[in-house]
Amino acid sequence: MDKPNEDLDYLDEVDSLKTLGKAEENPSFFEHRGNRKSILVIINFVLLAAGGLLILSPLWWMVSTSLKTMEEVMSFPPTFWPESWEFGNYLRTWEAAPFTRYTINTLTITMLVVIGNVLSNSFIAYGFAKIPFKGKNVLFAIVLATMMIPGFVTLIPQYVLFAKLNWINTYYPLIVPAFFGSAFNIFLLRQFYMTIPTELIEAAKMEGASHFYIWWKIGLPLTKPAIATVAIFSFNGAWNDFLGPLLYLNDENLYTLQIGLQVFKGQMSTQWNYLMAGSLLVLLPVILIFFFFQKYFIQGINLQSGGK
Amino acid sequence: MGKKRLTMRRKESISGYIFVLPWIIGFLAFTAGPLVFSFAASFTNYNITSQMDFVGAENYQGLFTEDSLFWTSLWNTLYFVAISVPLTTIGAIFLSALLNQDIPGIRFFRTLYYLPAVLSGVGVYMLWMQLLDPGTGMVNLVLSWFGIDGPNWLFDPEWTKPSLIFMKLWSVGGAMLLYLASMQGVSKNLYEAAEIDGANTWKKFFHITIPMITPVIFFDVVTSLIGGFQIFQEAYVMSNNGEGGPANSLLFYNLYMWKQAFTNFNMGYAMAMSWILFVIVFILTIFNLKLAPRWVHYEGEEK
Chain A
0 MDKPNEDLDY LDEVDSLKTL GKAEENPSFF EHRGNRKSIL VIINFVLLAA GGLLILSPLW
60 WMVSTSLKTM EEVMSFPPTF WPESWEFGNY LRTWEAAPFT RYTINTLTIT MLVVIGNVLS
120 NSFIAYGFAK IPFKGKNVLF AIVLATMMIP GFVTLIPQYV LFAKLNWINT YYPLIVPAFF
180 GSAFNIFLLR QFYMTIPTEL IEAAKMEGAS HFYIWWKIGL PLTKPAIATV AIFSFNGAWN
240 DFLGPLLYLN DENLYTLQIG LQVFKGQMST QWNYLMAGSL LVLLPVILIF FFFQKYFIQG
300 INLQSGGK
Chain B
0 MGKKRLTMRR KESISGYIFV LPWIIGFLAF TAGPLVFSFA ASFTNYNITS QMDFVGAENY
60 QGLFTEDSLF WTSLWNTLYF VAISVPLTTI GAIFLSALLN QDIPGIRFFR TLYYLPAVLS
120 GVGVYMLWMQ LLDPGTGMVN LVLSWFGIDG PNWLFDPEWT KPSLIFMKLW SVGGAMLLYL
180 ASMQGVSKNL YEAAEIDGAN TWKKFFHITI PMITPVIFFD VVTSLIGGFQ IFQEAYVMSN
240 NGEGGPANSL LFYNLYMWKQ AFTNFNMGYA MAMSWILFVI VFILTIFNLK LAPRWVHYEG
300 EEK
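Written as structure tokens, this is what we have:
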């Protein structure tokens with residue numbers, strides 16, 4: 000549990016600065032209103048702890064249900080704590096559907112989408128941030144405007160396009176668009192490139208380096224934190240994608256975890272213990288990534304509001 | 000010398016275009032092209048296999064005058080947006096205010112409250128279907144401790160949309176973090192000055208914090224409105240494979256459009272629907288932008 004705390008330094012710095020400032024500028028601040036303040040702190044702490052339990056209880060319920068026998072799941076009233084811990088449920092769930100294949104399929108798509116997103120968005124953003132050319136501002140305005148278009152307006156004609164290309168029942172419709180940039184990621188990475196001093200790039204150009212070389216050797220390494228943010232958001236997006244696979248994949252062998260889980264739900268109907276075990280297995284990678292890379296999630300969230 | 004500089008600039012321009020070329024290609028192939036095709040096809044009876052006859056405004060006319068499911072889906076969507084957007088916005092603001100304090104373990108709490116926001120997809124929808132299960136779920140169990148006889152949630156048309164709104168509220172952490180970041184950017188001097196004037200916590204919250212974070216509230220409201228109108232996945236999974244729920248109570252706009260396009264293959268009709276949605280979202284966004292100067296406060300701006 001050391002790692003997550005470290006990663007939240009981002010928010011913590013702001014915090015410590017705040018307390019530091021208060022204490023220095025106004026030394027009597029804490030002494031003066033010490034009692035009232037500590038009561039408030041206790042009330043807030045209790046409130047937050049209660050809210051935290053409320054937030055966590057669905058996740059606990061998922062774990063708890065996944066470890067119950069079917070009998071216990073159906074018993075009334077339901078129990079909070081499993082009577083017998085049926086860890087075997089996980090194995091049985093995994094074997095009840097071709098989850099191994101679904102996992103390999105999902106990982107293949109996700110990895111390619113992440114690579115596509117990182118490379119294309121970084122490349123495009125460098126162009127928008129660091130190379131002067133005519134019509135750049137107009138093009139960038141269009142990039143931002145595309146964020147306003149509801150997804151379904153392009154979804155149906157895109158389906159027609161991919162159908163005409165004979166791409167139905169392949170991974171191409173899910174992967175290929177990732178290699179052509181997306182508005183939010185271009186915007187996010189451009190913000191980061193803007194902070195790289197122009198002199199650095201000018202100096203590299205003096206030595207005869209091409210923009211491609213500069214992007215690859217200077218741009219990419221210097222924007223690593225932003226790239227990590229893009230990679231993590233892309234991972235989450237591709238891992239959780241339901242609409243795309245639902246639309247383009249009809250062949251069971253090509254199913255992803257999300258679609259597999261959806262089909263599994265139909266077959267298991269009220270076998271809540273297996274359904275919860277399956278759901279947890281699918282959510283687990285996302286939960287782990289969240290705990291290891293919180294900093295990058297927070298970075299992305301902050302940039303969404305334009306850095307404010 | 001002058002000539003050399005000119006060629007340098009041209010070389011720069013060319014490499015600039017090369018860098019943004021992937022986006023231009025993607026934009027033409029996956030956005031602009033589809034937009035043009037979709038707009039044209041919305042005036043035809045296109046069904047992907049053979050037909051593509053011009054039918055004028057027939058699709059639009061049919062939607063408005065003959066299709067009661069169109070109105071049901073529009074109503075469902077409006078209901079969902081009108082309740083979930085204000086609720087999640089207010090919830091996120093209060094939560095972030097609570098988390099914007101020096102309390103022991105505050106970092107842990109921030110992590111905890113943010114966690115549900117990163118969880119999405121079928122796993123989460125299934126979790127909520129189990130939580131809301133009238134017999135075996137946790138929600139009605141907890142309600143029964145307080146002597147409340149819980150509703151049938153996803154099985155009762157009156158409660159299906161509230162069910163989805165509860166699920167949305169659970170994952171309010173993303174917006175919460177957005178507000179938290181902006182609250183931490185509010186100058187401490189403002190609070191100190193207000194304290195000298197004898198302002199209490201509530202006064203400080205409503206007269207300093209809220210006005211100072213209005214740009215982020217604006218951003219959040221605009222994006223969640225646009226997002227809210229596009230609700231699809233959760234409705235699809237939680238209404239039994241896109242059936243639309245009991246009495247069509249979960250037949251949201253995009254779900255109905257999906258059915259028209261990919262179940263009935265009324266592609267032209269569905270594309271007409273998509274343009275109506277586009278216009279609704281566009282008008283709402285413009286309305287928001289026009290309204291913004293009345294309540295959004297930008298630092299350093301003269302009143």
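From first to last, the protein sequence lines are chains A and B. For the record, in the first sequence the residue sitting at position 259 is 258 according to numbering that gives the first Met the number 0, with numbers rising by one throughout. For the record, in the second sequence the residue sitting at position 282 is 281 according to numbering that gives the first Met the number 0, with numbers rising by one throughout. Glycine residues also receive a C-beta, built at the ideal position from the N, C-alpha and C atoms. These numbers come from a predicted model, not from an experiment.
When the Cα atoms are used, what is the spatial distance from residue i to residue j?
i                           : j                         : result
valine 295 of chain B       : tryptophan 74 of chain B  : 29 Å
proline 131 of chain A      : proline 103 of chain B    : 50 Å
lysine 203 of chain B       : asparagine 287 of chain B : 26 Å
alanine 144 of chain A      : serine 233 of chain A     : 21 Å
valine 113 of chain A       : tryptophan 215 of chain A : 17 Å
leucine 163 of chain B      : glutamate 233 of chain B  : 8 Å
phenylalanine 69 of chain B : asparagine 247 of chain B : 11 Å
leucine 187 of chain A      : leucine 27 of chain B     : 22 Å
glutamine 298 of chain A    : leucine 97 of chain B     : 21 Å
proline 214 of chain B      : isoleucine 47 of chain B  : 44 Å
methionine 51 of chain B    : threonine 43 of chain B   : 6 Å
leucine 43 of chain A       : tryptophan 201 of chain B : Sequence check: residue 43 of chain A is asparagine here, not leucine. Answer to the nearest angstrom: the Cα atoms are 14 Å apart.
glycine 122 of chain B      : asparagine 184 of chain A : 26 Å
glycine 150 of chain A      : alanine 140 of chain A    : 19 Å
leucine 246 of chain A      : glycine 87 of chain A     : 34 Å
threonine 71 of chain B     : glycine 244 of chain B    : 12 Å
glutamate 251 of chain A    : alanine 202 of chain A    : 55 Å
arginine 35 of chain A      : aspartate 196 of chain B  : 18 Å
So what's residue i in DSSP terms, helix, strand or just coil?
i                            : result
phenylalanine 292 of chain A : coil
phenylalanine 53 of chain B  : strand
threonine 6 of chain B       : helix
threonine 43 of chain B      : strand
proline 339 of chain B       : The displayed coordinates of chain B run from 0 to 302. Any statement about residue 339 of chain B would go beyond what the structure contains.
valine 171 of chain B        : coil
proline 244 of chain A       : helix
aspartate 6 of chain A       : Low local confidence applies: a pLDDT of 43 at aspartate 6 of chain A is under 50, so the model's placement there is unreliable, with the coordinate-based value given in what follows. Aspartate 6 of chain A falls in the helix class under three-state DSSP.
alanine 203 of chain A       : helix
valine 185 of chain B        : coil
glycine 25 of chain B        : helix
glycine 299 of chain A       : helix
histidine 210 of chain A     : helix
tryptophan 127 of chain B    : helix
histidine 206 of chain B     : helix
valine 295 of chain B        : coil
leucine 20 of chain B        : helix
proline 220 of chain A       : helix
glycine 126 of chain A       : helix
Give a yes or no on whether 9 Å exceeds the smallest Cβ distance from residue i to chain A.
i                            : result
serine 119 of chain B        : yes
valine 84 of chain B         : no
tryptophan 70 of chain B     : no
threonine 284 of chain B     : yes
phenylalanine 154 of chain B : no
alanine 180 of chain B       : yes
tyrosine 112 of chain B      : yes
tryptophan 74 of chain B     : no
isoleucine 102 of chain B    : yes
leucine 277 of chain B       : Looking at the sequence shown, residue 277 of chain B is not leucine but phenylalanine. Yes, its Cβ sits closer than 9 Å to a Cβ of chain A.
Between residue i and chain B, is there a C-beta pair that is closer than 9 Å?
i                         : result
isoleucine 148 of chain A : yes
lysine 216 of chain A     : no
glycine 126 of chain A    : yes
tyrosine 89 of chain A    : no
alanine 266 of chain A    : Position check: residue 266 of chain A holds glutamine in this sequence, whereas alanine was assumed. Chain B, which has no Cβ nearer than 9 Å to the Cβ of glutamine 266 of chain A, makes this no.
aspartate 250 of chain A  : no
leucine 246 of chain A    : yes
glutamate 23 of chain A   : For glutamate 23 of chain A, the predicted structure reports a pLDDT of 42, less than 50, and the residue's modelled location is therefore unreliable. A value from the coordinates is still provided. No, no contact with chain B.
Where do the N-terminal and C-terminal ends of the alpha helix (DSSP H) with residue i fall, by residue?
i                     : result
serine 233 of chain A : 223-239
serine 95 of chain B  : 67-98
valine 152 of chain A : 150-163
lysine 314 of chain B : Outside the displayed span of chain B (0 to 302) sits residue 314 of chain B, for which this structure offers no information.
Just to check, is the beta-carbon of residue i closer than 8 Å to a non-hydrogen atom of the ligand NAD?
i                     : result
proline 81 of chain A : The ligand NAD is not part of the structure shown, which contains no ligands of any sort.
Hey, is residue i's beta-carbon within less than 9 Å of any beta-carbon in chain D?
i                      : result
leucine 142 of chain B : Among the protein chains in the structure shown, which are A and B, there is no chain D.
Notebook entry, point to check: Given a limit of 7 Å on CB to CB distance, which residues of the stretch 5-16 of chain B reach chain A?
Noted result: Listed in sequence order: Glu11, Ser12, Ser14, Gly15 and Tyr16.
Check: Looking at chain A, which residues of the stretch 163-178 of chain B have a Cβ within less than 7 Å of any of its Cβ atoms?
Finding: Against chain A - using a Cβ distance shorter than 7 Å - the residues of the stretch 163-178 of chain B are Trp169, Gly173, Leu176 and Leu177.
Notebook entry, point to check: Going along the stretch 117-141 of chain A in order, which residues come within less than 8 Å of chain B, judged by CB to CB distance?
Noted result: Under the 8 Å Cβ criterion, the stretch 117-141 of chain A contributes Ser119, Phe122, Ile123, Tyr125, Gly126, Phe127, Ile130, Pro131, Phe132, Lys133, Lys135, Leu138 and Ile141.
Notebook entry, point to check: For the stretch 33-48 of chain A, which residues have a CB atom closer than 7 Å to at least one CB atom of chain B, in sequence order?
Noted result: Under the 7 Å Cβ criterion, the stretch 33-48 of chain A contributes Val40, Asn43, Phe44, Leu46 and Leu47.
Notebook entry, point to check: In chain order, what residues of the stretch 122-134 of chain B put their CB closer than 9 Å to some CB of chain A?
Noted result: Within the stretch 122-134 of chain B, contact with chain A at the beta-carbon level (separation under 9 Å) is assigned to Gly122, Val123, Tyr124, Met125, Leu126, Trp127, Met128, Gln129, Leu130, Asp132 and Gly134.
Check: When you check each C-beta in the stretch 197-210 of chain A against every C-beta of chain B, which residues fall closer than 8 Å?
Finding: Of all residues in the stretch 197-210 of chain A, Ser209 and His210 have a Cβ within less than 8 Å of some Cβ in chain B.
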